[in-house]
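For the protein sequence lines, the chains are A and B, in the order given.
Just so it is clear: in the first sequence, position 172 is 159 by my numbering, and no numbers are missing.
Just so it is clear: in the second sequence, position 12 is -1 by my numbering, and no numbers are missing.
Glycine is no exception: its CB is placed at the ideal position from the N, C-alpha and C atoms.
Protein chains: 2
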Amino acid sequence: MTSHPPHGHAQHGAENARSVAGHAAAVAELLRPLRSADREETLPLSRALGRGLVHDVAAPLSLPPFANSQMDGYAVRSADIDDGGTDLRIMPPVPAGSSPQALEPGTAAPIMTGAMVPAGADAVVPIEKAVPDHFLAPGHGGTVRLPATAPGTYVRIAGSDIAAGERALAAGTCLGPAQLGLLAALGIPEVAVHKAVTVLLVTTGDEVVEPGGTLTPGRIYDSNGTLLETAMKQAGLSVRRAGIANDNPAELQDLLRAQSQGADLIVTTGGVSKGAYEVVRQAMADQPVEFLHVAMQPGGPQGIGTFDGVPFLGFPGNPVSCLVSFEMFLRPALSALLGAPAPRLPLRARLGQPLTSPGRKHQVRRGSLQPDGTVRLEGGESSHLMHALAGSNVLVHVPAGVTELAAGHEVEVWML
Amino acid sequence: MTSHPPHGHAQHGAENARSVAGHAAAVAELLRPLRSADREETLPLSRALGRGLVHDVAAPLSLPPFANSQMDGYAVRSADIDDGGTDLRIMPPVPAGSSPQALEPGTAAPIMTGAMVPAGADAVVPIEKAVPDHFLAPGHGGTVRLPATAPGTYVRIAGSDIAAGERALAAGTCLGPAQLGLLAALGIPEVAVHKAVTVLLVTTGDEVVEPGGTLTPGRIYDSNGTLLETAMKQAGLSVRRAGIANDNPAELQDLLRAQSQGADLIVTTGGVSKGAYEVVRQAMADQPVEFLHVAMQPGGPQGIGTFDGVPFLGFPGNPVSCLVSFEMFLRPALSALLGAPAPRLPLRARLGQPLTSPGRKHQVRRGSLQPDGTVRLEGGESSHLMHALAGSNVLVHVPAGVTELAAGHEVEVWML
């Protein structure tokens, strides 16, 4: 979007457009330096949530570390018990956390769930199958009658979850609660992860007003800033908002120079179309930045390069185009390079209604996944439909080459 | 899990067990006071990410606020153009952000994407269909030849996304990037949300060792603390870790009293089984707390009530049981009461292999959703399989009453 008097050729359409895959590869290449040894840090587990693992982690111990009981009951040598049941002498109980003595032949040891199965014992008989079917007070001595039990019954074997030395987690894994819980179970208190990426985010346009400001006719409130800032935060990025830049290229350059120190990436919105007076294009005139068209709808116009050496991505000005640009290019590149955020899970879903698509472009529609496994399209193709986006939970992919799809056709969707 | 000498009746099985739905309702009832006016706060949009909306939000303006152009081109009165095309006099250009004069009959105004369509104009002809097919320098005057165009072409009508006064978001909506972007587009800079819930999290057990500590025989590292802390953080809770409590009930009471000030909820792990010496049961002896069995596998033993007036949930001691308890009871209750976290999305998936289930319990298995739409079970039924959990991305539901399912059977899965 621009607020300057237009002239010169306007070049629309996807002639000579770069493919989605081609641009995705270019973004990954631009950001490759973010995967470097000086951008790694070691964090305690609870602070590593949502980060990507730098190295493979091998299990330093087996899980479970020792054979333990799956039930409250009696640890036994299964060979001691006849088919009709056998009376066994009761030994001292085995509490969880203790290291019990070996089980002598002809005896049974009361054992609690999770407690170490004594050496010699090979099965646990649940308390409710014992006679009597309750534990006797300690020191009581006496005997218990137990039924025949197959070896291994209710015993969790050491290493049955993972054996010492096996790979517990692969480099590049995004660390969620289960992965961090596994590291804790393995006794690993801290972990090497890739540092969070810091983004300087700038929305542009003379027509754009900060929410809460006064809207004069012809102007609109800035939604791109909030939309991208929160999408980036949700993806684990550290976001610096530079506010709204007007359409003066020199002022935009000054703003970028003043605020890009320490930023790993600059992202702008708007000002990247093919008109003659687009502010981002102009501000980047002396920088190694390419402006091009990706064969994608929405989100076709894109800028990519570096500004004073800082990686730069220029997203288009409409909010849906911004989010699609983030989801299609920036987010996957970070997932692939740094293991975080976790990649979007691609699912298959049947279209709830027919759609049309420009055949030469990859179309990204917004939709909501229904309980019956179909996807309902929310809003039309147009990139300004913010309310429709807010009612969506998936992106719907219509590959290049497809011009129409019938209701019921299966499509790939990405869960947002 | 307990480390005390056992005696008394051990009661296993699901006799008189509460249903999953019954316990979910009890947890929701326990937490209902968290939805109250004094637990609401007004936050700027970027700080409201992941929070639940207190009130419906009506659109204070239409989106788009005014009819605007979808293309770079010429705004026209469509009736001015004959079937064979018509020469129209070129007016001053309409930049985005400006409030143009009405379009006189017989004229065309250069207009940029997003700019307000002048009064009188009812269509936009894209620049590439004009003769000449580029904008002339301002002040040049002259005429442009344009083809016949249907009314409404390339015009985004005011209110076509949402009309002023319509409900933009419903109370209880979890605010993600798209919802916050919509509020920004509507010019709303801050929003009333439910406060984040503060949880005091205590893991118990003499046998449990902090990760990084020395593991003596019979002991295990605490994974519950890390697993639940990070799952709760991911769900937007504020988590206070009280470390690992030993199996002395008086010390656990002291710890809870010392650390529960300001907490909205206490969650413990372990010590809730039906043995006589379970530490959490003992510490709660004088409190209105119920210990019961839910007809669910894993995660059957549960405690629920209040400790010195603070809502309390006692989860069982195995890590998978803890996570399943959180996902089945606490998380859904918070989603329903406070709009945050967003509810898990239930999907249907076909089993990649057969399974068996105890018919009288609702079984929750862990699995990974495959690209072909099937779900692969990760690990067996057992609640200690932390490595298998770390390889999963869904919970697989096998309702009570089902004892076996064949490969290919469709089940409900929840995306983690």
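Contacting residues, own chain, Cβ-Cβ under 6 Å from residue i (five flanking each side not counted)
i, result
"A/Q269", "P236"
"B/P119", "none"
"A/S308", "P285, G286 and S370"
"A/A232", "V189, T191, L239 and L242"
"B/K182", "R26 and E28"
Coil, strand or helix - residue i by DSSP
i, result
"A/T255", "strand"
"A/V104", "coil"
"A/F316", "helix"
"B/Q269", "helix"
"A/A(-3)", "Unreliable positioning characterises A/A(-3) in this predicted model, as indicated by a pLDDT of 37, which lies under 50. The coordinate reading is nonetheless provided below. Here A/A(-3) sits in coil by DSSP."
"B/P79", "coil"
"B/G286", "coil"
"A/G168", "helix"
"A/H10", "helix"
"B/V142", "strand"
"B/Q350", "strand"
"A/E365", "coil"
"B/S322", "helix"
"A/M373", "helix"
"A/V184", "coil"
"A/N211", "helix"
Listed by chain order, chain A residues near residue i by CB distance under 8 Å
i, result
"B/Q166", "A377"
"B/N380", "L332"
Neighbourhood of residue i by C-beta, 8 Å cutoff - its chain only, sequence neighbours within 5 removed
i, result
"A/P334", "Here residue 334 of chain A is Leu; the residue named in the question, Pro, does not match the sequence. Contacts found: L356, V381, E399, V400, W401 and M402."
"B/A282", "A1, A4, R5, S6, V7, R347, K348, H349 and A387"
Below-8 Å beta-carbon distance, residue i vs any chain B residue
i, result
"A/M78", "no"
"A/L42", "The sequence given here has His at residue 42 of chain A, not Leu. For A/H42, the answer is no, since every Cβ of chain B falls outside 8 Å of its Cβ."
"A/S210", "yes"
"A/S49", "no"
"A/H349", "no"
"A/M402", "yes"
"A/G205", "yes"
"A/L418", "No information on residue 418 of chain A is available, as it lies outside the stretch -12 to 403 that chain A covers here."
"A/P328", "no"
"A/I68", "no"
"A/I175", "yes"
Per-residue contacts from residue i into chain B (C-beta, under 9 Å)
i, result
"A/Q221", "L36, G37, G163 and P164"
"A/A8", "Under the 9 Å cutoff, chain B gives no residues; its nearest Cβ is about 18 Å from A/A8."
Closer than 8 Å to chain A by CB, residue i
i, result
"B/T217", "yes"
"B/L392", "no"
"B/L239", "no"
"B/G199", "yes"
"B/I231", "no"
"B/S(-10)", "Any reading at B/S(-10) must be qualified, since the residue scores a pLDDT of 36, below 50, and its modelled position is unreliable; no value is offered."
Under 7 Å by beta carbon: chain A residues contacting residue i
i, result
"B/G360", "R335"
Neighbour-count burial assignment, residue i, 16 or more Cβ in a 10 Å radius
i, result
"A/R19", "exposed"
"A/A158", "exposed"
"A/S379", "buried"
"B/S86", "exposed"
"A/A13", "buried"
"A/P298", "buried"
"B/I175", "buried"
"B/Q248", "exposed"
"B/G304", "buried"
Within chain B, partners of residue i - CB distance below 7 Å
i, result
"A/H371", "P51, R143 and D148"
"A/H374", "L50, D148, I149, A155 and L169"
"A/T213", "L32, S33, L167, G168 and A171"
Neighbour list for residue i in chain B, Cβ cutoff strictly below 8 Å
i, result
"A/D193", "P82, A83 and G84"
"A/P306", "G168 and A172"
"A/M103", "P204 and G205"
Cβ neighbours of residue i in the same chain (closer than 7 Å, five flanking residues each side left out)
i, result
"B/R244", "D295"
"A/H(-4)", "Residue confidence for A/H(-4) is low, a pLDDT of 37 falling below 50, so the modelled location carries little weight; the figure read from the coordinates is stated next. For A/H(-4), where only same-chain residues beyond five positions count, there are no Cβ hits under 7 Å."
"B/D209", "T190, V195, V196, E197, P198 and I231"
"B/T136", "V63, S65, I68, A110 and V112"
"A/L123", "I77 and G129"
Proximal chain A residues relative to residue i, where beta-carbon distance stays under 9 Å
i, result
"B/S260", "D59, M99 and T100"
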